[in-house]
Amino acid sequence: MFFNTHETFGLISRILHWTMALLILSLLALGLTIADMEPSLDSLWLYGLHKSLGFVALILVLLRLVWHRISPPPHPLGDPAALPQRLARGAHRVIYALLVIIPMAGWVGSSATGLDTVLFNTLTLPPIAPVSEAWETTAFTVHWATTWTLMGVLGLHIAGAFARAIKGDNTLERMISGS
Amino acid sequence: MSMTKARALILALGVVSTIFVAGPGLADPTGYSLQPNGTTVGFSTDFGKDEITGQFPITSANLKLDFENPGQSTIDVTLNVADANASFPFAAQALKGPKVLNASEFPEITFTSTKIRAEGEGARVEGDITIRGVTKSVVLFAQFWQQKGQAAGDLHLLKIRLTGALMRSDFGATGWSDMVGDEVRLDILALIEQEK
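Taken in order, these protein sequences are the chains called A and B. Counting from 1 along the first sequence, just add 11 to a position and that's the residue number in the numbering used here. Just so we're aligned: 121 in the numbering used here is position 125 of the second sequence, and the numbers increase by one with no gaps anywhere.
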């Protein structure tokens, strides 16, 4: 039930997948909001929320990578040598890489501002970059560019999932119900 | 401290203006010392629709006031940047960080008066202020009040309020300029006592 098999997704992989899907959309919405707004005392907490959820997303993606070592995901449906399957495999790798790079870039940029990165109003993350405007600008540029790359690749990922579902392929269904 | 609070305090002290009217002779400028309990160096600046406020501790102050001949008066003040506070924690960190006051490199703000003259019911205090190692001229307006119950000519204990504003960008303190206002308003309230 919890573990993946050769053919099915276990509960843990499915929960990680859909929790992250929700988190990524929330983080995008929050990120776009704080990038555009004029900050004030009432809205300061939105930065904290974005950083808190972003850190949770980073932990979840690392857990997921560890989980895949413990319980590898099922083989893809269809011919693994066919182009759609190869594209899907490439997209998955890019998504995992970006899911690590994006929050790390946010953490580096936040550290470089010299302000504490406080999660859920309680936990202060250690800074991982020197206080420097060059580091700050570079890190947030990377954060921004990689986020839009992720959105593009996720667009393909979602389109691929629906395209398979329309063709009667079970890929989307087994990420929802397991088999 | 907000304007209204400051006003309320001044009213409570019992406002006595026109101290600059010549009184019985005090020939030389008189030294005054600050009473820490009655003294705050406050600032405020815009943060969106809100304000960031905060205070600087005073490292030292040297006041020589001449109420008969205000031009003889001098004011020198050194502020402690490293221990400054602000109305919320991020603001204090930002204030002291390298993009604003850079407290680790420039731990002090100094002010030295260059020209003081009576104006209105108070005084116009012109001086040089050094922030982040950059020295610029700034004009503050001073008002004085006696404490409640003091006799008309008794100047041994006074409340002084200095107000003014500066542009932080003039001093290179440009951090977070997209979020936080450039104009920084100063509101300094000091309780001063004649040195014996």
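Glycine is no exception: its CB is placed at the ideal position from the N, C-alpha and C atoms.
Inset, instruction - Flag F167 (chain B) as yes if its beta-carbon sits less than 7 Å from any beta-carbon of chain A, otherwise no. - result: no
Subject >> CA nearest to the CA of L134 (chain A), picked from A:P85, A:L22, A:K62 and A:D53 >> reply: A:K62
ask   = Roughly how many angstroms separate the alpha carbons of T110 (chain B) and G120 (chain A), rounded to a whole number?
value = 43 Å
Here's a check: name, in chain order, each residue in its chain whose Cβ is nearer than 7 Å to the Cβ of S(-2) (chain B), leaving out the five neighbours to either side. Since pLDDT at S(-2) (chain B) reaches only 46, below the 50 mark, its modelled position is unreliable, and the value read off the structure follows with that caveat. Taken in chain order, the list of residues that qualify is empty.
(request) Can you tell me the Cβ-Cβ gap for L187 (chain B) and T35 (chain B), rounded? I've got them flagged as a contact below 8 Å. (result) 6 Å
Note to self: Any beta carbon from chain A within less than 7 Å of A89 (chain B)'s own beta carbon?
What the structure shows: As written in the sequence, residue 89 (chain B) is Gln, which differs from the Ala given in the question. Answer yes: the Cβ-Cβ gap between Q89 (chain B) and chain A drops below 7 Å somewhere.
* Mapping DSSP to helix, strand and coil, what is T206 (chain A)? -> This structure gives no information on residue 206 (chain A), because the portion of chain A shown stretches from 12 to 190.
- Query: What in chain B is Cβ-close to V142 (chain A), meaning under 8 Å?
  - Reply: G93 and P94
Using the DSSP secondary-structure output, state which residues sit across from Y28 (chain B) in a beta bridge. B:L59 and B:Q190
Identify whether G151 (chain B) lies in helix, strand or coil by the three-state DSSP scheme.
For the sequence presented, residue 151 (chain B) should be read as Leu rather than Gly. Under the three-state reduction of DSSP output, L151 (chain B) falls in the coil class, being neither helix nor strand.
* F43 (chain B) touches chain A at which residues, Cβ-Cβ below 8 Å? -> P50, S51 and L52, listed in chain order.
Quiz prompt | Identity of the residue in B:V77, B:F167 and B:K155 nearest P53 (chain B) by Cα | solution = B:V77
What three-state label does DSSP hand I23 (chain A) in the structure shown?
helix
- Query: Which word fits T131 (chain B), buried or exposed, when buried means at least 16 other C-beta atoms lie within 10 angstroms of its C-beta?
  - Reply: exposed
Euclidean distance between Cα positions of G166 (chain A) and A140 (chain A) | 32 Å
**Q.** Beta-carbon gap between I156 (chain B) and F140 (chain B) smaller than 7 Å
**A.** yes
G65 (chain A) at chain B interface by Cβ criterion, 7 Å:
no
Which residues bound the alpha helix (DSSP H) around E144 (chain A)? E144 to I177
Task: Where F86 (chain B) meets chain A, residues with beta-carbon distance less than 8 Å - done: L55, L126 and D127
List the residues of chain A whose Cβ lies closer than 8 Å to the Cβ of M175 (chain B), in chain order.
E49 and P50
Is the CB of D46 (chain B) under 7 Å away from at least one CB in chain A?
yes
Checklist entry - Hey, which unbroken runs of the alpha helix (DSSP H) at 4 residues or more fall wholly within the segment 37 to 109 of chain A? => result 55 to 81
Q. Leaving out five residues before and five after F13 (chain A) in sequence, what residues of the same chain have Cβ atoms less than 7 Å from its Cβ?
A. G21, L22 and I23
Helix, strand or coil: which one does DSSP assign to F131 (chain A)? coil
Q.
Just to confirm the assignment: which complete alpha helix (DSSP H) runs, minimum length 4, are found wholly within the segment 64 to 100 of chain B?
A. 85 to 92
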